[in-house]
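Residue 240 in full-length UniProt numbering sits at position 240 of the sequence shown, with consecutive numbering throughout. Each residue gets a CB set at the ideal place from its N, CA and C atoms; glycine is no exception. Everything on this sheet refers to the single structure shown next.
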Amino acid sequence: MLSNPEIKAPLWLLAELTYRCPLQCPYCSNPLDFARSQEELTTAQWIEVFKQARAMGSVQLGFSGGEPLTRKDLPELIAAARGLGFYTNLITSGIGLTAKKLDLFAEAGLDHIQISFQASDETLNAALAGSKKAFAQKLEMAKAVKAHGYPMVLNFVLHRHNIDQIDRIIELCIELEADDVELATCQFYGWAQLNREGLLPTREQIAEAEKVVASYREKMSAAGNLTNLIFVTPDYYEERPKGCMGGWGAIFMNVTPDGKALPCHSARQLPIEFPSVLEQPLDDIWYNSFGFNRYRGYDWMPEPCRSCDEKEKDFGGCRCQAFMLTGNADNADPVCSKSAHHDKILEAREAANRCQTTIEQLQFRHQRNSELIFKTSV
Ligand code: SF4
Ligand code: SF4
1 MLSNPEIKAP
11 LWLLAELTYR
21 CPLQCPYCSN
31 PLDFARSQEE
41 LTTAQWIEVF
51 KQARAMGSVQ
61 LGFSGGEPLT
71 RKDLPELIAA
81 ARGLGFYTNL
91 ITSGIGLTAK
101 KLDLFAEAGL
111 DHIQISFQAS
121 DETLNAALAG
131 SKKAFAQKLE
141 MAKAVKAHGY
151 PMVLNFVLHR
161 HNIDQIDRII
171 ELCIELEADD
181 VELATCQFYG
191 WAQLNREGLL
201 PTREQIAEAE
211 KVVASYREKM
221 SAAGNLTNLI
231 FVTPDYYEER
241 PKGCMGGWGA
251 IFMNVTPDGK
261 ALPCHSARQL
271 PIEFPSVLEQ
281 PLDDIWYNSF
291 GFNRYRGYDW
301 MPEPCRSCDE
311 KEKDFGGCRC
321 QAFMLTGNAD
331 NADPVCSKSA
341 HHDKILEARE
351 AANRCQTTIE
361 QLQFRHQRNS
371 ELIFKTSV
């Protein structure tokens with residue numbers, strides 16, 4: 001087993017089991033051209049990835065997608081991961097979940113379930129997810145998850161079309177007895193980046209939502225309600241970038257449905273050839289591959305990051321965001337007000353103020369749109 005005292009082990013492995021998903025959220029973080037990669041690792045290949053990651057010191061394993069429930073072998077994968085000693089987490093839309101599957105997952109040893117909702121009411125949820133039945137199914141499954149004794153995270157991706165109902169979203173989470181609530185404003189990758197203008201809330205919307213969350217936190221703590229309310233604001237209204245993934249190749253590894261190993265779920269879009277777990281052992285990928293070493297440490301940084309006294313806090317921000325907004329992943333994340341490209345962020349804020357885009361005008365994440373995007377980009 002390879003090791004390197006200067007590089008820690010990937011503590012967290014995210015297994016994107018599939019890009020298949022019955023929903024079509026316009027903010028999905030999957031790649032725009034997901035339709036062209038239909039290949040998926042087999043059960044045995046995934047289990048081999050888990051074994052190698054665990055041997056390197058990984059402790060937490062998230063099953064995500066697409067919708068991981070579309071994989072029929074999910075109980076087997078959970079059991080294998082649990083048997084290896086991973087803390088296991090299922091990240092799901094709840095579509096395709098049944099009480100019987102919950103029994104199977106519990107038997108397999110699944111530790112934790114996160115269910116995502118699109119909105120606090122059926123109509124808006126249907127408009128965003130592209131399914132009329134999704135809301136009722138999510139409600140039923142959230143109750144079933146609690147009935148099975150799981151600690152439950154409810155996740156709502158917030159944007160300009162649902163952030164104003166944040167009070168009703170929190171009420172729904174309280175009613176469903178969520179243990180943790182993640183109110184995360186869209187991160188602009190994949191389909192969310194494509195739809196950014198129609199999704200980014202205004203600064204006023206964010207400020208109002210912050211007030212509502214603060215007042216609920218106060219009320220809930222006075223009532224002895226221990227639900228943890230996490231509200232993640234978009235970095236588009238910050239002056240400094242986030243320290244993405246705790247640093248490049250620092251603690252996190254993502255494996256795509258077809259076996260590409262990535263330092264973050266969005267890195268596939270970068271002009272870097274990332275290795276496949278089918279061709280190279282995981283430890284060799286983590287410690288020695290060009291892709292994982294490309295942005296480790298600080299030597300790669302150009303100015304203004306190179307001589308900046310904040311670089312150890314944020315590592316120059318997000319490489320994917322730098323690439324998407326400036327065309328060069330080496331640049332400082334344009335969220336930073338010291339970046340020469342910060343005007344891109346200021347323009348996006350202005351566009352959010354002018355935006356008239358309706359939900360129907362957003363580009364939804366489905367096979368046809370993905371194929372069209374792929375065809376027009378070649
Ligand atoms: S964000 Fe929506 S479309 Fe994307 S994988 Fe999750 S549920 Fe499916
Ligand atoms: S210049 Fe670079 S390192 Fe300094 S705060 Fe901005 S992004 Fe971070």
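Proximity test, residue i beta-carbon vs ligand 1 heavy atom, cut-off 6 Å
i, result
"G190", "no"
"S289", "no"
"G130", "no"
"G94", "no"
"R365", "yes"
"L102", "no"
"L23", "yes"
"G317", "no"
"G198", "no"
"G66", "yes"
"C28", "yes"
heavy atom of ligand 2 below 6 Å from residue i C-beta
i, result
"K375", "no"
"G85", "no"
"R240", "yes"
"K338", "yes"
"K344", "no"
"E332", "Per the sequence shown, the amino acid found at residue 332 is Ala instead of Glu. True, at least one ligand heavy atom lies under 6 Å from that Cβ."
"E177", "no"
"E310", "yes"
"P302", "no"
"D314", "yes"
"C305", "yes"
Nonlocal neighbours in the same chain, by C-beta distance under 7 Å from residue i, ignoring five residues either side
i, result
"C264", "C244, M245, F252, N254 and C320"
"F188", "R196"
"G198", "C355, T357, Q361 and L362"
"Y216", "I170 and L229"
"I373", "L32 and D33"
Close Cβ partners of residue i (< 6 Å) along its chain, the five nearest in sequence each way excluded
i, result
"F315", "G243 and G247"
"L278", "G259"
"L77", "W46"
"F117", "K138 and F156"
"R296", "W248 and G249"
"I285", "A261 and P275"
"S266", "Y189 and C320"
"A371", "In the sequence as presented, Ala is not what sits at residue 371; that position holds Glu. So the qualifying residues of the chain are A35."
"C333", "Going by the sequence as given, residue 333 is Asp instead of Cys. Taken in chain order, the residues that qualify are P241, G317, C318, Q321 and A322."
"R203", "Y237"
"A329", "L270, R319, A322 and F323"
"Q367", "A35"
"N30", "Y19 and G190"
"E239", "S337"
Residue from the options with nearest C-alpha to residue i
i, options, result
"K260", "P275, R240 and G66", "P275"
"L172", "S307, L61, G149 and A142", "A142"
"L13", "W46, M1, Q24 and C25", "W46"
"T70", "N369, S58 and L23", "L23"
"E140", "I359, F50, S370 and L97", "L97"
"E208", "A126, D164, L200 and N4", "D164"
"E177", "L346, H341, K100 and V145", "V145"
"F105", "T123, R82, N225 and S3", "R82"
"P241", "K311, M324, F231 and I285", "K311"
"A99", "H159, A329 and A147", "A147"
"residue 417", "F290, M1 and K8", "A question about residue 417 goes unanswered here, because the residues of the chain that appear run from 1 up to 378."
"M152", "T123, E122, A184 and N89", "N89"
"K101", "P75, G109, T123 and S3", "P75"
"G109", "L124, Y150, H159 and G94", "Y150"
"Q52", "L124, Q280, N353 and T123", "Q280"
"P5", "P234, A44, I95 and Y287", "Y287"
"K313", "T326, Y298, L325 and G327", "Y298"
Supposed close pair residue i, residue j - CB separation, criterion 8 Å
i, j, result
"N195", "Q60", "At roughly 30 Å, the Cβ-Cβ gap does not stay under 8 Å, so N195 and Q60 are not in contact."
"G65", "Y19", "7 Å"
"N331", "S337", "Not a contact, Cβ separation roughly 14 Å."
"E67", "T92", "7 Å"
"I230", "V181", "7 Å"
"A126", "A134", "7 Å"
"L84", "F50", "6 Å"
"L282", "M56", "6 Å"
Residues near residue i in its chain [Cβ-Cβ closer than 8 Å; skip 5 each side]
i, result
"Y87", "V59, Q60, L61, D111 and H112"
"L128", "C25, P26, Q118, A119, H161, N162 and I359"
Neighbour flag for residue i against chain D, beta carbons, 7 Å
i, result
"I95", "Among the chains in the structure shown there is no chain D, since it carries only a single protein chain."
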